[in-house]
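See structure below.
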Amino acid sequence: MIATVLLSIAIVFLAELGDKSQLMALTFALRYRWWVVLGGIATASAAVHLISVGVGHFLGAALPTTAIALIAAVTFLAVGLWTLREHFGPGDDDPEPKTPKATGAPFFVVLSAFLLAELGDRTMFATAALATDYDWVGVWLGSTIGMVAADALAIVLGILVGKHLPEHAIGIGSGLLFLYFGAATLFGAAAPGLGGVAVAGLAALAPALAGAALLLTRMARRAHPARPHTVHRPGATDPAAVPAAPAGRPSPRPRSER
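Structure below.
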């Protein structure tokens, strides 16, 4: 049992190094509290690897990975667009939006994102393969611990980086990263014949185009700043339109005040 747990920890930990889940953990750590991110990752990891050992040990069947990947791609793109909309205010002079720190919605965002991202991932297949030859409980515990440990390193890096960056830049960077994750997942599912370099290059177009659109929009707002709109009440008189009274005489009151 202990040997199975240690073996699963080592395999999954090494498989997660440099994987997209680490980048996602770093991105979430830039936006939310570390314990919310870690809790969401741990819950999603436990659920995904429980499914993995069930598939490998009990069912021996394959999951509809293409459909799951498409749902994950749509989720990442939606989170990216929502993040950019939240942090790209109506103007440059507006105060920077505060990064949400609540524990409710962020937890479910992290949970759902990791759950969809890891279904059909290489670590899931590795866990399923281990469960065919070893005790499934030990494989489940070890794979969950290994994934959480690997993503915890990325969370620590996100905390260190977040201390030196403004929240506005963190929000925009997080949104662009999620657009990249969504585009990469979408291209990988829709065109499985593409190589990793081709998928990465095509996926980079999504954040590049979004960043260019944000830059052009900000430049346009700087060139044509919005004028303040003054609302006049019915019957009110513009003070500038009232003629000045001669010296020694009181100025005439507007008709609406008589």
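Counting the sequence shown from 1 gives a position; the working numbering is that position plus 31.
Where is the CB? At the ideal position from N, CA and C, for every residue including glycine.
Owing to the predicted nature of the structure, the values given are computational and were not obtained by experimental measurement.
Could you check where the alpha helix (DSSP H) with residue i kicks off and where it finishes?
i	result
G232	G227 to A234
D164	R153 to D164
P223	Counting along the chain, P223 falls outside any alpha helix (DSSP H), and DSSP gives it neither H nor E.
L150	Counting along the chain, L150 falls outside any alpha helix (DSSP H), and DSSP gives it neither H nor E.
G85	Note, G85: premise wrong, no alpha helix (DSSP H); not H, not E.
How is residue i classed by DSSP in three states: helix, strand or coil?
i	result
G49	coil
M32	coil
L108	helix
R249	helix
H195	coil
R62	helix
Report yes if the C-beta distance between residue i and residue j is below 8 Å; otherwise report no.
i	j	result
F209	V110	yes
T114	S205	yes
M32	D166	yes
G189	L48	no
L101	A220	yes
E35	G169	In the sequence on display, residue 35 carries Thr and not Glu. The answer is yes: Cβ separation under 8 Å.
T158	V84	yes
R153	A222	no
V68	V179	no
T216	A144	no
A237	A214	yes
Classify residue i: buried if its beta carbon has 16 or more other beta carbons within 10 angstroms, exposed otherwise.
i	result
V228	exposed
T248	exposed
L57	buried
F139	exposed
M155	buried
A41	exposed
D182	buried
A234	buried
L196	exposed
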